[in-house]
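Undergrad:
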Amino acid sequence: MSVRQPWVNILAGITGLYVILVVSGLLTVAGIFMPAPVHRAVSLVFALLMVYLRALGTQAQTRARWFDLLWLLAGLAGAGYVALFYDSIVDYSAYGYLDRLGTVLALLLAVSLLEAVRRVTDWSLPIVIVLLLALPMVQQWLPGILRGPSFDIERLTYAFWVGASGIFGLPMHVAATIVIVFLIFGRLLQKAGAGQWFMDIAVASTGWTRGGPAKAAVIASGLCGSITGSPTANVATTGVFTIPLMIKTGYRPAFAGAVEAAASTGGMIMPPVMGTVAFVMAEWLEVPYAEVVKAALIPALLYYVVLFFSVHLQAGKAGIQRIPREQLPRLLPVVLAGWHHLPPLAALIYFLIVARQDPEIAGLYTLPVLVVSSFLSRNREFCLTPLRIWHALVEAVIDWVPIAVILGAIGMMIGALELSGLGIKFSDFMLELSGGNLLLTLIMVGLASVILGMGVAGVPAYVTLAILSAPALITLGLLPMQAHLYVIYWGMTGFLTPPVCVAVYVACSISGSRIWETGVEAMRVGAGAFLISIAFALNPALLLIGPAPAVVAGVATALLGAVCVAAAFQGYGTGPLNRWQRVLVFVSGLLLLGPGLITAAIALALLLASAALGRLGASAHSAEKSPIEDRAA
Numbered sequence: 011m012s013v014r015q016p017w018v019n020i021l022a023g024i025t026g027l028y029v030i031l032v033v034s035g036l037l038t039v040a041g042i043f044m045p046a047p048v049h050r051a052v053s054l055v056f057a058l059l060m061v062y063l064r065a066l067g068t069q070a071q072t073r074a075r076w077f078d079l080l081w082l083l084a085g086l087a088g089a090g091y092v093a094l095f096y097d098s099i100v101d102y103s104a105y106g107y108l109d110r111l112g113t114v115l116a117l118l119l120a121v122s123l124l125e126a127v128r129r130v131t132d133w134s135l136p137i138v139i140v141l142l143l144a145l146p147m148v149q150q151w152l153p154g155i156l157r158g159p160s161f162d163i164e165r166l167t168y169a170f171w172v173g174a175s176g177i178f179g180l181p182m183h184v185a186a187t188i189v190i191v192f193l194i195f196g197r198l199l200q201k202a203g204a205g206q207w208f209m210d211i212a213v214a215s216t217g218w219t220r221g222g223p224a225k226a227a228v229i230a231s232g233l234c235g236s237i238t239g240s241p242t243a244n245v246a247t248t249g250v251f252t253i254p255l256m257i258k259t260g261y262r263p264a265f266a267g268a269v270e271a272a273a274s275t276g277g278m279i280m281p282p283v284m285g286t287v288a289f290v291m292a293e294w295l296e297v298p299y300a301e302v303v304k305a306a307l308i309p310a311l312l313y314y315v316v317l318f319f320s321v322h323l324q325a326g327k328a329g330i331q332r333i334p335r336e337q338l339p340r341l342l343p344v345v346l347a348g349w350h351h352l353p354p355l356a357a358l359i360y361f362l363i364v365a366r367q368d369p370e371i372a373g374l375y376t377l378p379v380l381v382v383s384s385f386l387s388r389n390r391e392f393c394l395t396p397l398r399i400w401h402a403l404v405e406a407v408i409d410w411v412p413i414a415v416i417l418g419a420i421g422m423m424i425g426a427l428e429l430s431g432l433g434i435k436f437s438d439f440m441l442e443l444s445g446g447n448l449l450l451t452l453i454m455v456g457l458a459s460v461i462l463g464m465g466v467a468g469v470p471a472y473v474t475l476a477i478l479s480a481p482a483l484i485t486l487g488l489l490p491m492q493a494h495l496y497v498i499y500w501g502m503t504g505f506l507t508p509p510v511c512v513a514v515y516v517a518c519s520i521s522g523s524r525i526w527e528t529g530v531e532a533m534r535v536g537a538g539a540f541l542i543s544i545a546f547a548l549n550p551a552l553l554l555i556g557p558a559p560a561v562v563a564g565v566a567t568a569l570l571g572a573v574c575v576a577a578a579f580q581g582y583g584t585g586p587l588n589r590w591q592r593v594l595v596f597v598s599g600l601l602l603l604g605p606g607l608i609t610a611a612i613a614l615a616l617l618l619a620s621a622a623l624g625r626l627g628a629s630a631h632s633a634e635k636s637p638i639e640d641r642a643a
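Put into structure tokens, the structure is as follows:
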């Protein structure tokens, strides 16, 4: 550890305490009023300090350290000025333009922020943002849908610096309140031993069944992912246990890595916490987070049903044996050993769903419950003492820093996109290209989401598509909740889709399998994300929207459809499926995922045809073998 590293940790702890004081309202009670944009600016100052102070402490060359210091001072000037003089900035920029000082400060912050994003990710996102920032200034010379009126630098810097949709807009609000609170909650939960408890429950409940280790990976990754919301962190945490166990019981390394990557990616869409994207979506749609959780529940369960049956059927196909029960922990003792983890989870669900508190308030109210319940553990190592709380706070803020600078940069991108008007023009272009056909538009939006998601993290991909693509779907009659969840589902596949599939890369580092082989396998087992999203786009009942009979019928047929899709992709049902059976079962699954009783009836008829085809094939096979068997006798 460098000499400066302890100062970064101290700064991280101070940042966490500051956010808790602001979100809880204690600062206001103490007479210190903190307007929302000022709080976001102060939070960004802390994030930039930690990015560049960490670099200053690790750089050996004096020249490189001077550059780090310059980047830091540029960021502090741009963000610090907003924190100190926000009211005066708003007053003199009331007409939507900045003066020379404001323009210089905005550009300094933009450069510092983009460099910070490059350091915590790579070049791809900064390049995309720079291109979108340049668009409003040059679009009068561009062709097609990119053409429009150009704006000068004073108007552009206003839009991304202090505009309502700029750096200190909605994404930074999510980072400076909701995300950091839930990262603290997640870290405290891990310190209390909940991660290992989730894993033990998954292994004890499914380990004795055929394909048990893979099923345990699906369940454990879903449970942990619903709290962390980070696919890569989830793979690294649960995969070190589940992937070797899957390989040991007979799964191919590529399949084991694919299952873990797909299951961990699903944590982004699994309530109650989901991921950063869901928080941004709730703020974007201006709906309670509980509404997002309610709508996301059934599709998320369907996604994991496809995963669960994929590993079950693959186990049957490969002849993988069960793990003897005596080698596994018993479920009831495991549950009882960690029962103290239930009160904080129940409290979180209560505050989010029943009390309908804002997410950051719900998370904050749950923290004392979590701390108190940790002392009910029989293992003293899991008690959240002040020192362990401090360590959790520091680790959570260190995890938060990359998210904060990315979301700040995303604010710049939103400001530029809204100024250019590209969102409206792109939506009109897609509608014109698809001829107003909903299914074709869904496919086009999905393909655009996959391409964007390959090189960009979840939130940037979602924000871009929410601006560019979701309006087209809403114009065609989808509810905003349907359109935005659809974009999230397709955007998250970037974690699984080669060549830029970060969750697969992490899984391969554990399984030792090849990237492309594992990536293709991950797309196969994670295919539910593609199909289920189209299903709820066509049938809002899957989002628990509509009359109860329609919801019950839609969920029931969709469950059967999910199983059929898994069987078709694995080529195995009650036994091996031939080519024609796989086609029939796959089409049946698609029809069952869609709306309507007529399509469900057709799907059942196709399933019967597939079963009959399989029986005929078995009879023919027996008939071919019988003369040989007779001669042998």
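Position 6 of the sequence shown, counted from 1, bears residue number 16 in the numbering used here, the numbering being contiguous throughout.
By construction, the Cβ of each residue, glycine as well, lies at the ideal position given by its N, Cα and C atoms.
What's the call for Ala40, buried or exposed, on a 16-neighbour Cβ count within 10 Å?
TA: Here residue 40 corresponds to residue number 30 of the sequence shown, with the count starting at 1. When all chains shown are included, Ala40 counts as exposed.
Undergrad: So, under 8 angstroms CB-CB, Gly564 and Ala551 are touching, yes? Tell me the CB distance rounded to an integer number of Å.
TA: Here residue 564 refers to the residue found at position 554 when the sequence shown is read from its first residue. Here residue 551 refers to the residue found at position 541 when the sequence shown is read from its first residue. About 3 angstroms; that satisfies the 8 angstroms criterion.
Undergrad: With a Cβ-Cβ cutoff of 9 angstroms, do Ala224 and Thr187 count as a contact?
TA: Looking up residue 224 in the sequence shown gives position 214. Looking up residue 187 in the sequence shown gives position 177. Not closer than 9 angstroms, so no.
Undergrad: Could you compute how far the alpha carbon of Ala22 sits from the alpha carbon of Leu380?
TA: Here residue 22 corresponds to residue number 12 of the sequence shown, with the count starting at 1. Here residue 380 corresponds to residue number 370 of the sequence shown, with the count starting at 1. Their Cα atoms are separated by approximately 21 angstroms.
Undergrad: Apply the 10 Å Cβ neighbour rule to Tyr91 and answer buried if 16 or more other Cβ atoms are within range, or exposed otherwise.
TA: Within the sequence shown, numbered from 1, the residue matching residue 91 stands at position 81. The residue in question, Tyr91, is buried, as its Cβ has 16 or more Cβ neighbours within 10 Å.
Undergrad: Alpha carbon to alpha carbon, what distance is there between Met533 and Leu115?
TA: Within the sequence shown, residue 115 is the residue found at index 105, counting from 1. Within the sequence shown, residue 533 is the residue found at index 523, counting from 1. Going from the Cα of Leu115 to the Cα of Met533 covers about 45 angstroms.
Undergrad: For Gln150, report the span of its alpha helix (DSSP H) as first-last.
TA: Indexing the sequence shown from 1 puts residue 150 at position 140. Unbroken run through Gln150: none, as it is neither H nor E.
Undergrad: Beta-carbon separation of Thr286 and Val516 under 9 angstroms?
TA: The sequence position of residue 286 within the sequence shown is 276, counting from 1. The sequence position of residue 516 within the sequence shown is 506, counting from 1. No, these two residues do not count as a Cβ contact at 9 angstroms.
Undergrad: Can you grab the Cα-Cα spacing for the pair Thr474 / Arg398, in whole Å?
TA: Taking the first residue of the sequence shown as 1, we reach residue 474 at position 464. Taking the first residue of the sequence shown as 1, we reach residue 398 at position 388. Taking the straight line from one Cα to the other gives about 39 angstroms.
Undergrad: Skipping 5 residues on each side, what residues in its chain have a beta carbon closer than 7 angstroms to that of Arg197?
TA: Within the sequence shown, numbered from 1, the residue matching residue 197 stands at position 187. Cβ neighbours of Arg197 beyond the five flanking positions: Ala402, Glu405, Ala406.
Undergrad: Once DSSP output is grouped into helix, strand and coil, what is the label at Tyr299?
TA: In the sequence shown, residue 299 corresponds to position 289, counting from 1. Three-state result, Tyr299: helix.
Undergrad: From what residue to what residue does the alpha helix (DSSP H) around Pro354 run?
TA: Taking the first residue of the sequence shown as position 1, residue 354 is located at position 344. Looking at the DSSP string, the run of the alpha helix (DSSP H) that includes Pro354 is 352-359.
Undergrad: Taking the alpha carbon of Gly446 as the point to measure from, which residue in Ala419, Leu478, Ile484 has its own alpha carbon closest?
TA: Translated into the one-based positions of the sequence shown, residue 446 becomes position 436. It is Ile484.
Undergrad: Taking just the CA atoms, how far does Cys393 sit from Pro353?
TA: Reading the sequence shown from its first residue, position 343 is the one you call residue 353. Reading the sequence shown from its first residue, position 383 is the one you call residue 393. C-alpha separation (whole angstroms): 15 angstroms.
Undergrad: Who are the Cβ neighbours of Trp207 in its own chain at under 7 angstroms, not counting the five residues just before and after it?
TA: For the purposes of this step, residue 207 is taken as residue 197 along the sequence shown, with counting starting at 1. Cβ neighbours of Trp207 beyond the five flanking positions: Gly348, His351.
Undergrad: Let me know if Arg64 comes out buried or exposed under the rule of 16 or more other beta-carbons within 10 Å of its beta-carbon.
TA: Stepping through the sequence shown from its first residue, residue 64 is reached at position 54. Under this definition Arg64 is a buried residue.
Undergrad: Below 9 angstroms between beta carbons: does that hold for Leu6 and Ser430?
TA: For residue 6 there is no data in the structure shown, the boundaries of the chain being 11 and 643.
Undergrad: Contact defined as beta carbons within less than 8 angstroms: I believe Phe318 pairs with Glu531. What is the distance between those atoms, to the nearest angstrom?
TA: Here residue 318 refers to the residue found at position 308 when the sequence shown is read from its first residue. Here residue 531 refers to the residue found at position 521 when the sequence shown is read from its first residue. Rounded, the Cβ-Cβ distance is 16 angstroms, inconsistent with contact.
Undergrad: Which whole-angstrom value describes the C-beta separation of Gly267 and Gly235, a residue pair presumed to lie in contact below a C-beta threshold of 8 angstroms?
TA: As a working mapping, residue 267 is identified with position 257 in the sequence shown. As a working mapping, residue 235 is identified with position 225 in the sequence shown. Gly267 to Gly235, Cβ: 16 angstroms. No contact.
Undergrad: Measure the Cβ-Cβ separation of Pro647 and Ser53 and say whether it is below 9 angstroms.
TA: As shown, the chain starts at 11 and ends at 643. That puts residue 647 outside it, with no answer to give.
Undergrad: Just how far apart, CA to CA, sit Pro470 and Arg75?
TA: Taking the first residue of the sequence shown as position 1, residue 470 is located at position 460. Taking the first residue of the sequence shown as position 1, residue 75 is located at position 65. Pro470 and Arg75: Cα-Cα distance of roughly 30 angstroms.
Undergrad: On the criterion of 16 or more Cβ atoms from any shown chain inside 10 Å, does Thr543 qualify as buried, or is it exposed?
TA: Working through the sequence shown from its first residue, we reach residue 543 at position 533. The sequence as given places Ser at residue 543; Thr does not occur at that position. Burial call: buried.
Undergrad: Helix, strand or coil: which one does DSSP assign to Pro586?
TA: Here the question's residue 586 lines up with position 576 in the sequence shown. Reduced to three states, the DSSP call for Pro586 is strand.
Undergrad: On a CA-only basis, which of Leu495, Ile461, Leu554 is nearest Pro509? Give me that one, please.
TA: Mapped onto the sequence shown, residue 509 falls at position 499. Checking every option, the nearest Cα to that of Pro509 belongs to Ile461.
Undergrad: How about the stretch 417-427 and the stretch 117-130: do they share at least three Cβ pairs that are nearer than 8 angstroms?
TA: The stretch 417-427, when compared against the stretch 117-130, does touch it at the 8 angstroms Cβ threshold.
Undergrad: According to DSSP, is Asp438 part of a helix, a strand, or is it coil?
TA: Mapped onto the sequence shown, residue 438 falls at position 428. Reduced to three states, the DSSP call for Asp438 is helix.
Undergrad: Output yes or no for whether 9 angstroms exceeds the beta carbon distance between Val191 and Val415.
TA: Position 181 of the sequence shown, counting from 1, holds the residue named residue 191. Position 405 of the sequence shown, counting from 1, holds the residue named residue 415. Result no, Cβ atoms of Val191 and Val415 do not sit closer than 9 angstroms.
Undergrad: In chain order, what residues of the same chain lie with their CB nearer than 6 angstroms to the CB of Gly538, ignoring the 5 residues before and after it?
TA: For the purposes of this step, residue 538 is identified with residue 528 of the sequence shown, where counting begins at 1. Once the five neighbours on either side are set aside, the close Cβ partners of Gly538 are Tyr313, Val316.
Undergrad: State the Cα-Cα distance for the pair Val595 and Phe56, rounded to the nearest angstrom.
TA: For this step, residue 595 is matched to residue 585 along the sequence shown. For this step, residue 56 is matched to residue 46 along the sequence shown. Cα-Cα distance, rounded: 54 angstroms.
Undergrad: Pull up the CB-CB distance for Ser320 and Val535, whole angstroms please, since I reckon it's below 8 angstroms.
TA: Position 310 of the sequence shown, counted from the start, is the residue given in the question as residue 320. Position 525 of the sequence shown, counted from the start, is the residue given in the question as residue 535. Confirmed, about 5 angstroms.
Undergrad: From Leu587 to Gly599, what does the alpha carbon distance come to, in whole angstroms?
TA: Position 577 of the sequence shown, counted from the first residue, corresponds to residue 587. Position 589 of the sequence shown, counted from the first residue, corresponds to residue 599. Distance between the alpha carbons of Leu587 and Gly599: 15 angstroms.
Undergrad: State the Cα-Cα distance for the pair Gly501 and Asn244, rounded to the nearest angstrom.
TA: Sequence index remark: in the sequence shown, residue 501 carries index 491 (1-based). Sequence index remark: in the sequence shown, residue 244 carries index 234 (1-based). Roughly 18 angstroms between the two C-alpha positions.
Undergrad: On the premise that Phe289 lies in contact with Pro369, defined as a C-beta separation below 8 angstroms, what is that separation, rounded to the nearest angstrom?
TA: Against the sequence shown, residue 369 aligns to sequence position 359. Against the sequence shown, residue 289 aligns to sequence position 279. Right, their Cβ atoms sit about 6 angstroms apart.
Undergrad: Considering only their Cβ atoms, is the gap separating Ala202 from Ser387 smaller than 9 angstroms?
TA: As a working note, residue 387 is residue 377 in the sequence shown. As a working note, residue 202 is residue 192 in the sequence shown. Result yes, Cβ atoms of Ser387 and Ala202 sit closer than 9 angstroms.
Undergrad: Measuring only the C-alpha atoms, how far is Leu427 from Ala87?
TA: Start at 1 with the first residue of the sequence shown, and residue 427 comes out as number 417. Start at 1 with the first residue of the sequence shown, and residue 87 comes out as number 77. If I take the Cα positions, the gap works out to 25 angstroms.
Undergrad: Are at least three pairs of beta-carbons, each pair with one atom in the stretch 476-493 and one in the stretch 295-308, less than 8 angstroms apart?
TA: Yes: the two stretches touch, three or more of their Cβ pairs being nearer than 8 angstroms.
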